[in-house]
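Asks: The structure is given below, and queries will be raised subsequently.
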Amino acid sequence: MSVASRLSTVFVDALELSDDVDVEQLKYRGIDKWDSLGHMTLVAAIEDEFGVQLDTEQVIDMSSFQVALEMLEGMGVHD
Amino acid sequence: MTEPARHAGSDLSGRVAVVTGGTRGIGLATAQALAQAGATVVVTGRDGDRAAAVAKELGPAAASYPLDVTDFDAVGTVFRTIAADHGHVDAVVANAGVLEDALLGMIRAELVDRMVATNLSGTLATVQAAARVMMRQKSGSIVVLASIVGEAGSAGQTAYAASKAAVATIARSAAKELGPRGIRVNAVAPGLIRTAMIAHLPEELVQTRIANTSLRRLGEADDVARAIRFLVSDDAAFITGQVLGVDGGLIL
């Protein structure tokens, strides 16, 4: 499974998203469930799934699905 | 002396508890109280050797990590390490703090920086790091160390009192943010406690404070430790966002 697919699954599970949500277009606070609390749950889920540790700056900067994906790729997580 | 029997709510068996600044005073007494309640205690302190010695005294299950809470990033790293080493973190006592007295007109900027760096920023970093670990578990209890002077004010302690008032606010705010994730956050606000931090006080002032204390004595570190042990236990399962005075009825 690709990193993008795995990340999409993490978003769906962590934020408890319904099937009709376009996950790859999501932005922080773009939906009610991705609020500040959801963000921290999401961070924990991403760290667990990909075995990485996000520092505070990365947590703050993770403003969209695409940014999260780029962040993971920048940390050496690849397909 | 026989250790009193523990009832289920106060039993901390199977819990992992972290105490920052756990090498002396209230932190040490808290580490001992939590260990006696059955918790696996992790002690942190700026003096890694001293922290290791305390852990050794607490028993084979205890552990230690050197940590200066003024290093924001290091706090996160140490908590992630503790979580990895122990599997979970159930209770965190953000105890590390510093106290320096100065009359208002004699407060240097550097003193303010030191108070803020340890008491405010260090506590905030600890709560943040603890929360990141506990969010995975959707459970946990955090206790921060405020002070009666942060609640009531104290001549000659404006900077310290302000930093401790901030600590109480951290507890109230973090409790609101973390409650929906099953994490409780409370503060204890000790009065005048017999520790090395008050050894510099003039005896006359100490006696005046005792006279102004309803219970007519200094507090002991154990008095505070028992309150913290209660707050992290299941006996306090429906208590969050509170600042619990442990001051013997001291009026400042």
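Each protein sequence line maps, in turn, to chains A and B. For the first sequence, my numbering gives the first residue as 9, with consecutive numbering after it. For the second sequence, my numbering gives the first residue as -15, with consecutive numbering after it. Virtual Cβ for every residue (Gly too), placed ideally from N, Cα, C.
1. What does P50(B) pair with, by DSSP beta-bridge criteria?
2. Since E55(A) contacts R14(A) with CB under 8 angstroms, what's their CB separation in whole angstroms?
3. Against chain B, with Cβ distances strictly below 9 angstroms, would F58(A) count as a contact?
4. Use the C-beta contact count for E65(A): other C-beta atoms within 10 angstroms, 16 or more gives buried, fewer gives exposed.
5. Please say whether A21(B) and S(-6)(B) have beta carbons closer to each other than 9 angstroms?
6. Identify, in the order they occur along the chain, each residue of the same chain with its Cβ nearer than 6 angstroms to the Cβ of V3(A), setting aside the five sequence neighbours on each side.
7. So, with DSSP's three-state summary, where would you put R213(B)?
8. Going straight from the alpha carbon of R116(B) to that of Q61(A), what length do you get?
9. Per DSSP, what kind of secondary structure is I91(B) in: helix, strand or coil?
10. Under the DSSP definition of a beta bridge, which residues are partnered with I54(A)?
11. Below 8 angstroms, how does it come out for the stretch 214 to 221 of chain B and the stretch 148 to 158 of chain B: are there three or more Cβ pairs, yes or no?
12. Grab me the residues of A130(B)'s own chain with a C-beta within less than 6 angstroms of its C-beta, minus the 5 sequence neighbours each way, in chain order.
13. Taking all protein chains shown into account, decide if A242(B) is buried (16 or more other Cβ within 10 angstroms of its Cβ) or exposed.
14. Suppose you measure from the CA of T197(B) to the CA of G9(B); what does that come to, to the nearest Å?
15. Just how far apart, CA to CA, sit V127(B) and I154(B)?
16. Does V29(A) come out as helix, strand or coil in the three-state DSSP assignment?
Replies: According to the data block:
1. One-based indexing of the second sequence puts residue 50(B) at position 66. Residue pairing by DSSP places P50(B) opposite G29(B) in a beta bridge.
2. Working through the first sequence from its first residue, we reach residue 55(A) at position 47. Working through the first sequence from its first residue, we reach residue 14(A) at position 6. Not confirmed; about 13 angstroms, so no contact.
3. Walking along the first sequence from the start, residue 58(A) turns up at place 50. Taking Cβ atoms only, chain B never reaches closer than 9 angstroms to F58(A), which makes this a no.
4. Within the first sequence, numbered from 1, the residue matching residue 65(A) stands at position 57. Within 10 angstroms of the beta-carbon of E65(A) lie fewer than 16 other beta-carbons, which makes it exposed.
5. The count along the second sequence starts at 1 and reaches residue -6(B) at position 10. The count along the second sequence starts at 1 and reaches residue 21(B) at position 37. Contact: yes.
6. Given a span of 9 to 87 for chain A in the structure shown, any question on residue 3(A) remains unanswerable.
7. Taking the first residue of the second sequence as 1, we reach residue 213(B) at position 229. Of the three classes helix, strand and coil, the one that applies to R213(B) here is helix, per DSSP.
8. The residue labelled residue 116(B) in the question sits at position 132 within the second sequence. The residue labelled residue 61(A) in the question sits at position 53 within the first sequence. A direct Cα-to-Cα measurement between R116(B) and Q61(A) gives close to 11 angstroms.
9. The residue labelled residue 91(B) in the question sits at position 107 within the second sequence. Looking at I91(B) - three-state DSSP - the assignment turns out to be coil, as it is neither helix nor strand.
10. Position 46 of the first sequence holds residue 54(A). Under DSSP, no beta-bridge partner is assigned to I54(A).
11. Taking a cut-off of 8 angstroms for Cβ pairs, the stretch 214 to 221 of chain B and the stretch 148 to 158 of chain B do not touch, as fewer than three such pairs fall below it.
12. Here residue 130(B) refers to the residue found at position 146 when the second sequence is read from its first residue. The answer, listed in chain order, is K148, V151, A152, A171, A173 and V227.
13. Past the edges of chain B, shown from -15 to 236, lies residue 242(B), and the structure says nothing about it.
14. Numbered from its first residue, the second sequence carries residue 197(B) at position 213. Numbered from its first residue, the second sequence carries residue 9(B) at position 25. Rounded to the nearest angstrom, the two C-alpha atoms are 21 angstroms apart.
15. Taking the second sequence and counting its residues from 1, the one referred to as residue 127(B) is at position 143. Taking the second sequence and counting its residues from 1, the one referred to as residue 154(B) is at position 170. Cα to Cα, V127(B) sits roughly 10 angstroms from I154(B).
16. Position 21 of the first sequence, counting from 1, holds the residue named residue 29(A). Note: V29(A) maps to coil in three-state DSSP.
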